[in-house]
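Colleague:
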Amino acid sequence: VFGGDGYSSEWHEKAVSERGLLNLPTAADALPALLEEPVRALFESTGVLSKVELESRFAVYAEQYILSIEVEAKLVIDMAKTLIYPAAISYLAELSITNSSMAEMGIELDSSIAKKVALESNAMLAEVTKLSEAITKHDFATTEEHMHFCAKVILPLMLEVRAHADILEMEVADELWPLPKYQEMLFIK
């Protein structure tokens, strides 16, 4: 019986090296197990699913996974371009106007926030461009290859966009941010 932390990296290493368990972190890694001979034999010998039924389930699950990732990627692109980037640019415009007004009065303001917002906005858009290009790729030899592309290329790009958006969320003024912020969702304001 295991009574430890199943989420720790130590457990994952121990599970693989000492206990011989598989570590299949994504659906793209796990779904092909349905088509392995020992799994097919088990399902067929117990009368649960035939080889054809297993293959059809694999095809359906794989297609669902691919479509889900592609829909989510398109949503990430849309939100970044139409919500987050415009909010960041509006905030930069406000900071610029304020900075100019203060400079006219001889008051020097720190521009590090503006620089950080500009840097993160540009970095986010660069990742959005990469993500947009990645989701247009459709020349895969197999469904399994397409799933692995989604897991190994598209998902990491989505996470990169999110990382920049998370930083912008912390920097952009609340009244300009178009989405609920984490602090608003987790804590009462």
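Take 7 as the starting number for the sequence shown in our numbering and just add one per residue. Using N, Cα and C, we set each Cβ at its ideal position, and we do this for glycine too.
So does the region 10–25 actually touch the region 49–65, counting three or more Cβ pairs closer than 8 angstroms?
Modeller: no
Colleague: Helix, strand or coil for Val54, going by three-state DSSP, please let me know.
Modeller: What you label residue 54 is simply residue 48 of the sequence shown in a count that begins at 1. Note: Val54 maps to coil in three-state DSSP.
Colleague: Tell me the DSSP secondary structure of Thr148 in three-state form.
Modeller: Numbered from 1 along the sequence shown, position 142 holds the residue referred to as residue 148. Looking at Thr148 - three-state DSSP - the assignment turns out to be coil, as it is neither helix nor strand.
Colleague: Count the other C-beta atoms from every protein chain shown that fall within 10 angstroms of the C-beta of Phe193, then say buried if there are 16 or more, exposed otherwise.
Modeller: Taking the first residue of the sequence shown as position 1, residue 193 is located at position 187. Classification of Phe193: exposed, given that the 10 Å Cβ count is below 16.
Colleague: Is Val178 buried or exposed, if buried means 16 or more other CB atoms sit within 10 Å of its CB?
Modeller: For the purposes of this step, residue 178 is taken as residue 172 along the sequence shown, with counting starting at 1. A residue is called buried once 16 or more other Cβ atoms fall within 10 Å of its Cβ, and Val178 is buried on that count.
Colleague: Helix, strand or coil for Met111 per DSSP?
Modeller: Counting from one through the sequence shown, the residue named residue 111 turns up at place 105. Annotated three-state conformation of Met111 is coil, per DSSP.
Colleague: Assuming Leu167 contacts Val82 under a Cβ cut-off of 8 angstroms, what Cβ separation, rounded to an integer in Å, is found between them?
Modeller: On the sequence shown, residue 167 is found 161 positions in, with the first residue counted as 1. On the sequence shown, residue 82 is found 76 positions in, with the first residue counted as 1. According to the sequence provided, residue 167 is Val. The question's Leu does not apply to it. Right, their Cβ atoms sit about 5 angstroms apart.
Colleague: Using the rule of at least 16 other Cβ atoms within 10 Å of the residue's Cβ for burial, across every protein chain shown, is Ser14 buried or exposed?
Modeller: What you label residue 14 is simply residue 8 of the sequence shown in a count that begins at 1. Within a 10 Å sphere around the beta-carbon of Ser14 sit fewer than 16 other beta-carbons, which makes this residue exposed.
Colleague: Please tell me whether Leu115 and Pro184 are closer than 9 angstroms, where the distance is taken between their beta carbons.
Modeller: Numbered from its first residue, the sequence shown carries residue 115 at position 109. Numbered from its first residue, the sequence shown carries residue 184 at position 178. It is not a contact, given that the beta carbons lie outside the stated cut-off.
Colleague: Taking the alpha helix (DSSP H) that Ala217 falls in, what are its first and last residues?
Modeller: Past the boundaries of the shown model lies residue 217; the chain is included only from 7 to 195, so the question cannot be answered.
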